[in-house]
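What follows is a single structure, written as structure tokens, with notes after it.
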Amino acid sequence: MILYNRNSRQELKGFTLNSTRNSGLMPQSPQSSTRQKVIAVISKPDRPELREVLPKLEKWLQERNYSVVMDEESAEYFSASDVMPRAQMAERAPYLALVLGGDGTLLSATRAVAKAETLILGVNLGTLGFMTELALADLYPALEAIEKGHYLVDSRSMLKGSLIREGKTVATHAALNEVVVSKSAIARLNHFEVFVDAAFVSSYRADALIIATPTGSTAYSLGAGGPILNPDVDAFVITPVSPHGLTHRPVVVRDTVEIEIHVKTGKEEAYLSFDGQVGMPARDGDIVRCVKSEHCARLLRFKKTFFEVLATKLKWGER
């Protein structure tokens, strides 16, 4: 199943690095922003090619009068002039974040800078690359297009998940893809009760329960049998993983609702994770509350439409 909003405001088919056309998403110019001079560079570890790429990139940006701040992972490759932890980069309010890696690196970067309304450009050094569509060879043409204001902003909704224990919020994190409550390494099937806007939905016994954004609908949720949502659909997906019940199916809800997962594990622990990167144990009686985040991921797009990405990455039409 694919849910698609006909009034899509996503990418424009045929849009190139050197042209703009009317699509409902207006090209935005860096000259309109007071934060244009700060660019953050965020890199994936253990990519030998970045030892050559990053020094040239920093020099190129500095020659154009940008202030460049690199995360600690980038600094492992060379002696960068300005380094700070990724989690603190939003304090510098960067105009643009260049993410060199795969989708995992982009997920981490988004959680770090989304609250600063930073534009995010993903350069694919990974394998699948649903969100990091730009090839390394296209990096400098893309940067030149950005300087001219020739780009589109693809705003992706995010989740805010909170772990509530004995009436107190003990942790809150954002997620671009999904919030997952799963079993611990040796646990049996988890037991969950799900509520949407305080209305009881169902009781699940399953390996895990996924709350996915439209962006996350092509990630873990898809592998668990969930539907594909166009990125601009205003919805979330509740997807059980290997449920003990043949009638349990994914449920699509509006993104304005409040979703609560009541954890019923007895003496065992469950595990709560955000984008598969940040996590913590969840106990019996805990509540995981998910709502739409007040921040969004502002991804830059130049070329492919969402459906072209699906056809390429999922091998649609191939035998």
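Counting the sequence shown from 1 gives a position; the working numbering is that position plus 40. Beta carbons: idealized from backbone N, C-alpha and C, even for Gly. Values in this document were obtained by computation on a predicted structure and should not be read as measured data.
One or two residues paired with residue i in a DSSP bridge
i      : result
Ser114 : Note: Ser114 sits in no beta bridge, so no partner.
Asn164 : Gly141 and Ala175
Thr212 : Ser202
Asn230 : Ala246
Ser107 : Val78
Ser148 : According to DSSP, Ser148 bridges with nothing at all.
Ser195 : Arg338
Val153 : In DSSP, Val153 forms no bridge with anything.
Ile186 : For Ile186, which the question treats as bridged, DSSP gives no partner whatsoever.
Val93  : Answer by DSSP bridge pairing: none, since Val93 is not bridged.
Ala239 : Val236
Ser83  : Leu140
Ala252 : Glu218 and Val277
Leu159 : Leu136 and Arg338
Per-residue burial, residue i [other beta carbons within 10 Å of its own, 16 or more giving buried]
i      : result
Val210 : exposed
His190 : buried
Pro85  : exposed
Tyr135 : buried
Ser261 : buried
Tyr117 : buried
Pro254 : buried
Gly266 : buried
Lys208 : exposed
Glu206 : exposed
Phe170 : buried
Gly162 : buried
Glu89  : exposed
Gly263 : exposed
Thr352 : exposed
Arg228 : exposed
Thr150 : buried
Arg196 : buried
Arg87  : buried
Phe346 : buried
Spatial distance of residue i from residue j (CA atoms)
i      : j      : result
Phe363 : Val153 : Within the shown structure, residues of the chain are numbered from 41 to 359, placing residue 363 beyond reach of any answer.
Leu286 : Val303 : 21 Å
Trp356 : Glu298 : 35 Å
Pro321 : Ala214 : 17 Å
Gly142 : Glu233 : 34 Å
Ala137 : Ile82  : 7 Å
Ser242 : Ile268 : 22 Å
Tyr311 : Glu103 : 47 Å
Leu101 : Lys188 : 15 Å
Ala175 : Leu165 : 8 Å
Lys344 : Arg126 : 28 Å
Glu131 : Glu309 : 35 Å
Met160 : Val109 : Residue identity check: residue 160 is Ile in the sequence provided, not Met. Cα-Cα distance, rounded: 14 Å.
His231 : Tyr244 : 6 Å
Asp247 : Arg338 : 32 Å
Lys77  : His284 : 54 Å
Gly325 : Gly306 : 8 Å
Thr279 : Ala182 : 36 Å
Ala133 : Ala156 : 5 Å
Val236 : Ala120 : 48 Å
Tyr180 : Val139 : 13 Å
Val219 : Ile301 : 11 Å
Val318 : Leu97  : 29 Å
Asp272 : Asp194 : 9 Å
Asp122 : Asn105 : 14 Å
Leu147 : Ser282 : 25 Å
Ala259 : Ser114 : 26 Å
Ala177 : Gln128 : 29 Å
Val349 : Glu358 : 14 Å
Leu65  : Ala185 : Low per-residue confidence applies at Leu65: pLDDT is 42, beneath 50, and the placement is therefore not dependable enough to give any value.
Phe276 : Glu173 : 23 Å
Arg294 : Ile79  : 35 Å
Glu35  : Ser224 : Here the chain covers residues 41 to 359 and nothing more, so residue 35 does not appear.
Ile40  : Thr158 : Summary: the structure shown does not reach residue 40, with the chain confined to residues 41 through 359, and so no result is reported for it.
Boundaries (first-last residue) of the alpha helix (DSSP H) holding residue i
i      : result
Phe170 : It is not in any alpha helix (DSSP H) - Phe170 carries neither H nor E in the DSSP assignment.
Ser261 : Tyr260 to Gly263
Ala351 : Phe346 to Lys353
The beta strand (DSSP E) enclosing residue i, as first and last residue numbers
i      : result
Pro321 : Val318 to Ala322
Val331 : Ile327 to Arg341
Val293 : Val291 to Arg294
Ala275 : Ala275 to Val281
Lys223 : Glu218 to Lys223
Leu33  : There is no way to answer for residue 33, as the model of the chain reaches only from 41 to 359.
His302 : Ile299 to Val303
Problem - Segment contact, 8 Å Cβ cut-off, at least three pairs: the stretch 195-205 with the stretch 320-337 - result: yes
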